[in-house]
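Throughout, our numbering is defined as the position within the sequence shown, counted from one, plus 1004.
Single-structure report; data block below.
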Amino acid sequence: MVVGAGPAGLTLTHELLRRGVPVRLVDAAAGPAPTSRALATHARTLETYDQMGILPDLMPKGRRVQKFTLHQNGRKLAALNADYSQLATRYPMTVMVDQAITEQVLRDAVSRLGVEVEWGTRLQSLEHDADGATAVLDRADGTRETVRTPWLVGCDGGHSTVRKLLGLTLVGDSSETWLIADAVLDTDLDDRSIHWLRTRYGSLMAVPFPEQGKWRLLDTADASYDGDADAVGARFAERLSLGVGRPVRVERPTWVSVFTIQQRMIRSMRSGRCLVAGDAAHVHSPASGQGMNTGIQDAYNLAWKLAAVVRGEAAEALLDTYSEERVPVGAALLGSTNRATQLIQLKHPVAAFVLPVMFKVVSTFPALRSKVSRKIMKAMSALDLSYADSALSRPAAPGGDGPAPGRRLSELTEADLAQPGFAALAEELRAVGWKLLAGGSHPALDGTLAALEKRFGGWLSVRTVAGPDAGPTALPDPDGALRRRLGLTAAGSWVLVRPDGYVSARGGAGETALLASALTAATAGLVTDPLSDTGGAAAAH
Ligand SMILES: Cc1cc2nc3c(=O)[nH]c(=O)nc-3n(C[C@H](O)[C@H](O)[C@H](O)COP(=O)(O)OP(=O)(O)OC[C@H]3O[C@@H](n4cnc5c(N)ncnc54)[C@H](O)[C@@H]3O)c2cc1C
């Protein structure tokens, strides 16, 4: 059972269903939330949508943003082009798309897999033991249902009932209160850019929506709101006009909200048969637009592990790696969004004098500008993330080619996809299981590969990356470009890739013990002798 049909719950449900795990998805709300909330969708989330197969549905609904413009008291200080060029991804961009639309796309995808959200169904209480959880659900029509489920995941947002009932304590604090409004503007502001404006009142932000003329407005200095949306519109009009130095007209906001910035997280995302994901596990400032993106990555990390356990392919201990891998991500995020919050609101009076100088320096020296921009982009896109320290990663010999254990395999660019091997790799990454890719045939490995495919074919896809006559199961790589990129140029070298696309281990033809150890970790010890049936074949060679 998945509790909560926000972005985290919908992603989790989708990925469990893709792996054949039946799911019940309940949500306390009467229906989908109409408010926009998260806008920014970052590169790693776009890659994840591609692997889930929903990117073509979402992409046309978004607006690509690649710039950050700073204004102070009527003067444009700098326009920093976000430098995505150093990011090895097919999606070098941030896509602005209304969270209500993202959720609609996810809901439709879940529906295509046969599950509808059970709206008006609130998880009221919960008990759990070694075999599962018993949940009490209250329906909007006044009826109550007690249901037993082998696994339960709380994706029920920042005020998570599941988290509270499990006694998982949030640590951290709440800090500033900000005002937020969505409104149509009459302005010549560049709508391919995010704008940050400083006036005598404090700092504002304006972020473009995909819809023409519509903007998300943030006031970090004055969060007062008494229900009069027109007054909020007038206040933003005055402050935006001061910031850009010419009149900006603001129509009546379609949504106004006051929110207190929370910076909190839990230390463990699992308690026996119950887990939590998304805002239920970590809430932070929306300053760098990370909440939804991180929740989707939590769900994507958890789904394949939970499916492997449910399907009997791995021991329950595999789920411990979920917390081990994702809690540090949440913790790092608290630090970075805290810094982003401080930066955006910049309350210090000295800032007014220092800023113009600082941005002048940054924008005058291209190398510095590109360094600053790259640093921000890498952190924001989540492409820099590595699970190198995970129990599922095996260190590789230093200095080798190709993505290292812990890194994502999909370090491909749009230009790469023109070659058949890269396109085949992108397709392979959309498949739901583990992947073992080998750089061509080698007598010390061939028998092992064939036997592994026979034994674990239900969850392990074994492919060679090779020339044109390598057979139907090979990834075509006529000119060797893909093998060079993946570090598979030596015959018999191999790379083991997790279902979420991160490298678990890599080695040469003779390193079968390393492969065995990584496969044992993949099953969390359920299979202790993954190569036992293959030893004879390898030895014969
Ligand atoms: C103004 C604003 C701007 C933001 N901007 C960004 C951005 O640009 N980028 C970004 O990545 N993030 C952004 N965020 C954060 C983002 O909206 C959240 O991180 C995201 O919604 C979290 O998704 P979730 O699925 O974890 O939880 P939620 O979206 O909160 O979904 C939880 C669901 O659980 C349901 N529920 C709650 N309790 C129960 C219960 N007891 N039983 C059953 N169902 C229950 C709720 O009805 C809800 O549908 C922003 C947030 C705000 C408020």
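Every residue, glycine too, gets a C-beta built ideally from N, C-alpha and C.
* With 16 as the cutoff for other CB atoms within 10 Å, does threonine 1039 come out buried or exposed? -> exposed
* When the Cα atoms are used, what is the spatial distance from alanine 1227 to threonine 1052? -> 35 Å
* Classify isoleucine 1265 as helix, strand or coil using the three-state DSSP reduction. => strand
* Asked: Any heavy atom of ligand 1 closer than 8 Å to the Cβ of histidine 1163?
  -> yes
* **Cα-Cα separation between aspartate 1190 and leucine 1062, rounded to whole angstroms** => 27 Å
* To do: Assign leucine 1396 to buried or exposed, taking buried as 16 or more other Cβ atoms, counted over all protein chains shown, within 10 Å of its Cβ.
  => buried
* Asked: Counting along the chain, where does the beta strand (DSSP E) carrying threonine 1093 start and finish?
  -> No beta strand (DSSP E) contains threonine 1093, which DSSP labels as neither H nor E.
* Asked: For leucine 1396, does the three-state DSSP call read helix, strand or coil?
  -> coil
* Asked: Which one of Asn1297, Tyr1326, Ala1238 has the shortest CA to CA distance from leucine 1387?
  -> Asn1297
* Asked: Can you list the alpha helix (DSSP H) stretches of 4 or more residues lying completely in the stretch 1149 to 1214, in chain order?
  -> Restricted to the stretch 1149 to 1214, the alpha helix (DSSP H) segments that are unbroken, complete and at least 4 residues in length are 1165 to 1170, listed in chain order.
* Asked: For the 8 Å Cβ check, are there 3 or more pairs between the stretch 1430 to 1446 and the stretch 1492 to 1499?
  -> yes
* Answer yes or no: do leucine 1156 and methionine 1273 have a C-beta to C-beta separation smaller than 9 Å? => no
* Asked: Quick one, which of Asp1194, Gly1295, Leu1490, Arg1068 has its alpha-carbon nearest alanine 1408's?
  -> Leu1490
* With C-beta atoms as the reference, is leucine 1021 less than 9 Å away from valine 1119? -> yes
* Asked: Do the CB positions of glycine 1505 and alanine 1281 come within less than 9 Å of each other?
  -> no
* In the structure shown, what three-state DSSP assignment does serine 1536 receive? -> Correct three-state label for serine 1536: helix.
* To the nearest angstrom, report how far apart alanine 1144 and histidine 1046 are at their CA atoms. => So the alpha carbons of these two residues sit roughly 36 Å apart.
* Asked: Quick one: any contact between the stretch 1244 to 1258 and the stretch 1182 to 1189, if contact means 3 or more CB pairs under 8 Å?
  -> Verdict: yes, contact present.
* **valine 1030 Cβ short of 8 Å to ligand 1 heavy atom set** => yes
* What is the DSSP secondary structure of alanine 1544, counted as helix, strand or coil? -> A caution first: alanine 1544 carries a pLDDT of 31, below 50, which makes its placement in the model too unreliable to give a value.
* Cβ contact (3+ pairs, closer than 8 Å) linking the stretch 1310 to 1328 and the stretch 1205 to 1213 -> no
* To do: Going by CA-CA distance only, name the one from Ala1430, His1286, Gly1161, Leu1246 that's closest to glutamate 1415.
  => Ala1430
* In the structure shown, what three-state DSSP assignment does glutamine 1301 receive? -> helix
* Assigned exposure category for histidine 1163 - 16 Cβ within 10 Å defines buried -> exposed
* Is arginine 1477 helix, strand or coil by DSSP? -> Position check: residue 1477 holds threonine in this sequence, whereas arginine was assumed. It is coil, neither helix nor strand.
* **The alpha helix (DSSP H) enclosing glutamine 1055, as first and last residue numbers** => 1047 to 1056
* serine 1261 and isoleucine 1184 look like a contact to me (Cβ under 8 Å); what is the Cβ gap, rounded to whole Å? -> 5 Å
* To do: Locate the alpha helix (DSSP H) running through arginine 1003, then write down its first and last residues.
  => The displayed coordinates of the chain run from 1005 to 1545. Any statement about residue 1003 would go beyond what the structure contains.
* Span of the beta strand (DSSP E), counted from its first residue to its last, around glutamate 1131 -> 1125 to 1133
* **For glutamine 1216, three-class secondary structure by DSSP** => coil
* Return the CA-CA distance between methionine 1097 and asparagine 1077, expressed in angstroms with no decimal places. => 29 Å
* To do: Measure the beta-carbon distance from tryptophan 1182 to isoleucine 1265 and round it to whole angstroms, keeping in mind my assumption that it falls under 8 Å.
  => 7 Å
* Skipping 5 residues on each side, what residues in its chain have a beta carbon closer than 7 Å to that of tyrosine 1095? -> If we look at tyrosine 1095 and ignore the five residues flanking it on each side, its Cβ neighbours are Ala1047, Leu1050, Glu1051.
* Is it buried or exposed for glutamate 1019, if we count other Cβ within 10 angstroms and need 16 for buried? -> Residue environment: glutamate 1019 is assigned as buried (16 or more neighbouring CB atoms within 10 Å of its CB, all protein chains considered).
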